[in-house]
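The structure appears right after this line, and notes come after that.
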Amino acid sequence: MIPVPQIDPEDEFTPKSPYKKVDEYPFLIDDSSPIPLISVETSYDIMFGKYRNFFDKVVIIDCRFIPEYDGGHIVSATNLMQKSSMIQIYNRYIGMKTCFIFHCEYSTIRGPKWAYTFRGYDRSNNPHPKLLHPHVFILSGGYKAFFQDYKSFTNNGCYIPMDDPSISRSLIHEYNRQFMVETGGFDGSATPPPSSTSKAMKRIIRFTNSQ
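Numbered by this note's numbering, the letters in the sequence shown go through residues 82 to 292 in order.
Spelled out as structure tokens, the structure:
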């Protein structure tokens, strides 16, 4: 009889974590895309002081639409919907070692797109490979994931999703149009997100154009 190897069920079914240690940071990141993702736990640690000796400032940028942001957001998060506001944020922290954490509801469309727009602006203003703000991250899972684990660290303990009935479809339609104009859409004026995000963005474009 051929012996059957014993396999630990946990080894067989536990998915490999995308997060790993890199030389640049004292925490784990997912560097599978040009702008790395960080977990909810790591984001919390950064936001609330665990790495205060590594960064001068931490800026949490909430890229959801205004009704979502007003309905509940991470403590001290700044809402971003206009490129002019993004440039103000960019300029405000020049000369400081600043950690920028972008997110939206799920961090699949708006948060990554704004993060890449921010990086594209940095690239366009500096000779390659210099960046004034190299420490840019995307909060994996977005506000929804953060809210599930750290509800008490939101401003009011609430979460209003984009498809909430209290937000009119016509308003979401207008916000979507504004979002694509401000971030450059797909006209080449901003560095595009990873392919999975690009597919999601195309769904928004199809939705907006159909209205």
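The beta carbon of each residue, even a glycine, is placed where N, CA and C say it ideally should be.
Assigned exposure category for residue i - 16 Cβ within 10 Å defines buried
i    : result
D244 : exposed
S247 : exposed
D268 : Because D268 carries a pLDDT of 36, less than 50, the predicted location of this residue cannot be relied on, and no value is offered for it.
H184 : buried
R200 : buried
D143 : buried
C239 : exposed
L117 : In the sequence as displayed, the identity of residue 117 is Pro instead of Leu. It counts as buried.
I168 : exposed
I182 : buried
H209 : exposed
I190 : buried
K300 : Nothing about residue 300 can be reported from this structure: the residues present for the chain run from 82 to 292 only.
S291 : Since pLDDT at S291 reaches only 43, below the 50 mark, its modelled position is unreliable, and the value read off the structure follows with that caveat. The residue in question, S291, is exposed, as its Cβ has fewer than 16 Cβ neighbours within 10 Å.
I175 : exposed
N207 : exposed
S233 : exposed
K131 : exposed
K97  : exposed
S270 : With a pLDDT of 39 at S270, under the threshold of 50, the modelled position of that residue is not reliable, and the figure given next carries that caveat. Per the 10 Å Cβ criterion, exposed.
R66  : As shown, the chain starts at 82 and ends at 292. That puts residue 66 outside it, with no answer to give.
V217 : buried
K194 : buried
Enclosing alpha helix (DSSP H) for residue i [first to last residue]
i    : result
V121 : V121 to M128
F199 : R191 to S205
Cross-strand partners of residue i (DSSP beta bridge)
i    : result
N160 : D143
C180 : V139
I155 : T235
K101 : I110
Beta strand (DSSP E) segment containing residue i, residue limits
i    : result
I116 : Note, I116: premise wrong, no beta strand (DSSP E); not H, not E.
Anticipated Cβ contact below 8 Å, residue i with residue j, distance rounded
i    : j    : result
F227 : L220 : 7 Å
K178 : D126 : That belief does not hold up - the Cβ atoms of K178 and D126 are roughly 17 Å apart, past 8 Å.
Y224 : I141 : In fact, because the Cβ distance is near 10 Å, the residues do not count as touching under 8 Å.
M162 : E263 : 7 Å
P99  : E186 : In fact, because the Cβ distance is near 20 Å, the residues do not count as touching under 8 Å.
N160 : Y171 : About 16 Å; that fails the 8 Å criterion.
S139 : M128 : One point to set straight first is that residue 139 is Val, not Ser, in the sequence displayed. The Cβ separation is near 6 Å, so the contact holds.
T123 : F108 : 5 Å
T153 : T235 : Correcting the residue identity first, residue 153 is Gly in this sequence and not Thr. Sure, about 5 Å apart at Cβ, within 8 Å.
D112 : V103 : 6 Å
Beta strand (DSSP E) runs contained entirely in the segment 210 to 265, provided each spans 3 or more residues: Whole beta strand (DSSP E) segments, 3+ residues: 217 to 220.
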